[in-house]
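One structure below.
Numbering (UniProt numbering), first residue to last: 1 to 776.
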């Protein structure tokens, strides 16, 4: 499987070449890879259903204990199947949706790379590799959202999604590091086996907060929900794939994966339950206000993501069963509805549902698919969405924390979602026929195949939910429930969840009937909503710009002395804090200074003083040269002739070059004022004193065995060299030396290019003069 994922990245890079070969059929060709992966995963199902786990391990950085380990259990299998199957359908859909688009190869490169990144994320068992794939999904989704890069809205939405998710990714990185430290392992499977230890660890609270920030930003939980609807600026295949079935569920997957190790505490239950419930209500409330078909679906996705988070927070066996069922139902109907939304936009030329109507006569197949998927979204029988909603309501009724608040929010979200589903279907396809910018007609087969298959699965699994028992059992077991009692059914008799569903049906129908009036009333809240989380994001971005302008004006103002001053002050603050406050300086040393050594030191001090008071550049260069030659003498005095010769050569070359460059320049035109000189003396004195204390302390403390003994012993047998300094440079630090050579080579190339460069105007004049002389 590792080879397949890595091969997928290679296939993504080959998309332009494949497009050259296969043209418009390239998406169909590339869909073979995810379909093959899905077939391989299906072949592993008997093993997974039996409760076994597949562990595929490949050493990546063995010295650091980092392995590319793929673990396939019930939870990973479910997500991997959603990624591969829906991914293949989206690629097929893309073939017709972007047919003839000049940037189709670029789109295929990024979406296949995203697909492989998402697969790597859900299959990774190592925290480091999981985070690598996590960030890859952020980068590739940024490129997909901003696919129409000439559109300012698309670029802004892509940046917004990137900033929010990457900021959460940084918090997640800190959380995963703390998790690995607390558990003493980087393996997720091992960490999940030591939940009691982790929950009692001192790092539990900060690591949980960091992990939740990463998951909440990725999965658009309140108050980070605003980036997801704005991401609808992406092409519809992106919305159908990233923002319904895959990327936005990455945070949900992470929480589900960490449920056994971090779940069950008071903090986990309260935060996930309350945030999830409020996100669920927020998504449904904002959805009912919109007329853009993709925004309707985007906000309903926010509602579903909040529902899944809430169920993980409740954490009971029934809640986790509802979680898996609702997750699968949502992926099926939302993927289908997003593709239907793309069909409406593609065939009518508008995304506004109020501008459509009566399309059932010209698009009967699309109408049927949309109705089935919308019934599942509404949670009506006999669709799988109904089974998921009933299980969700049953779990909420059994919640131990904030049960009335969560029940109220869940009930409101339920009937608002039903109204959204009605708007999604009844407005475009039924009622009076409306004129649209484009003359609508039935969508091509490639665009209908994906949503038709997903809607059919929603119907079949709703009629026969019992076929999912083994899948739900295998998945819930990996979330910390031993031997769950899973028996999914379409009918559980007349009970309280069913009564709530019937009441929500009536209220949803009422909201839809008065939808225009409801939207008009809710429009009064626009001034309040305009000050919501997105306004906070915009204010933060504006502050970043203002701060950047200030620090550029003050710190990066083009004066070298300011740069050096800031760097020195930073070093004093960081190193001085550690040296003086955390570790008391150790000054155990013995001075035994010879006369000639004192003379050399005196020359060094005099050179430094003359360099500071010299009024000409040439005098300052000579004074600095005196310091450099004095350092070379010091190396020679202490039996380091190699270093002394190197220092001597470098210093000689430096002085010569500086003299050649500076001797034609005039004297210093301006000198620093007395206050600046006092400041510089204080800063320089602090830096010199800190370095002196640091050297004396490091000389006095012997925390580790010196490595010099190893180098002396192994210089000849391992490196076949008696000059230990050369052996260190060439063998022990070979990559460092190679990097230095590479830098010098680049500098030499740059200098050569500058010497050979001629201004275009001058070259033109010279060419004209030469031609004139030749003619003469």
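The C-beta atom is built at its ideal place from N, Cα and C for all residues, glycine as well.
| Asked | Found |
| --- | --- |
| Beta-bridge partners of residue 158, as assigned by DSSP | Its beta-bridge partners do not exist; DSSP assigns none. |
| The region 281 to 288 touching the region 94 to 111, judged by at least three CB pairs closer than 8 Å | no |
| Span of the alpha helix (DSSP H) around residue 429 | 403 to 429 |
| Any alpha helix (DSSP H) of 4 or more consecutive residues that is wholly inside the region 353 to 409 | 364 to 378 and 384 to 397 |
| Presumed contact (8 Å Cβ cut-off) between residue 315 and residue 264, rounded CB distance | 6 Å |
| Burial state of residue 428 (16 or more Cβ within 10 Å) | buried |
| Opening and closing residue of the alpha helix (DSSP H) in which residue 523 lies | No alpha helix (DSSP H) holds residue 523; DSSP gives it neither H nor E. |
| DSSP state of residue 12 mapped onto helix, strand, coil | helix |
| 7 Å Cβ cutoff met for residue 80 and residue 41 | yes |
| Beta-bridge partners of residue 70, as assigned by DSSP | 56 and 124 |
| Close Cβ partners of residue 621 (< 8 Å) along its chain, the five nearest in sequence each way excluded | 655, 658, 659 and 662 |
| Residue from 241, 324 and 613 with nearest C-alpha to residue 674 | 613 |
| Touch test, the region 250 to 268 against the region 197 to 213, Cβ-Cβ under 8 Å, three pairs minimum | yes |
| Cα-Cα separation, residue 90 to residue 36 | 15 Å |
| In DSSP terms, what residue 61 is bridged to | 66 |
| Straight-line Cα distance separating residue 77 from residue 224 | 28 Å |
| Residue burial classification, residue 778 (beta-carbon count within 10 angstroms, cutoff 16) | What is shown of the chain runs 1 to 776, which leaves residue 778 out entirely. |
| Residue 342: first and last residue of the uninterrupted alpha helix (DSSP H) it sits in | 317 to 348 |
| Best match in 383, 570, 559 and 49 for proximity to residue 490 [C-alpha to C-alpha] | 383 |
| Which of helix, strand or coil DSSP assigns to residue 292 | strand |
| Member of 274, 276, 275 and 301 whose CA lies at the smallest distance from the CA of residue 287 | 301 |
| Alpha-carbon to alpha-carbon, residue 487 and residue 2 | 35 Å |
| Backbone secondary structure at residue 616 - three-state DSSP | coil |
| Any alpha helix (DSSP H) of 4 or more consecutive residues that is wholly inside the region 523 to 584 | 526 to 529, 533 to 554 and 560 to 576 |
| Sub-7 Å separation of residue 484 and residue 473 beta-carbons | yes |
| Assigned secondary structure, residue 36 (DSSP; H/G/I helix, E/B strand, else coil) | helix |
| Residue 219, DSSP secondary structure in three states | coil |
| Status (buried if at least 16 other CB within 10 Å, exposed otherwise) for residue 478 | buried |
| Residue interval of the alpha helix (DSSP H) (run including residue 434) | It is not in any alpha helix (DSSP H) - residue 434 carries neither H nor E in the DSSP assignment. |
| Reduced DSSP category for residue 639 - H, G, I as helix; E, B as strand; rest coil | coil |
| Beta-bridge pairing of residue 187 - partner residues as DSSP gives them | 126 |
| Residue 77, DSSP secondary structure in three states | helix |
| Three-pair Cβ contact test at 8 Å for the region 313 to 333 versus the region 392 to 403 | yes |
| Coil, strand or helix - residue 763 by DSSP | The pLDDT assigned to residue 763 is 48, lower than 50, so where the model puts this residue is not dependable; a value taken from the coordinates is nonetheless given after this. DSSP places residue 763 in helix when its eight states are reduced to three. |
| Rounded Cβ spacing between residue 241 and residue 87 (contact assumed at less than 8 Å) | 6 Å |
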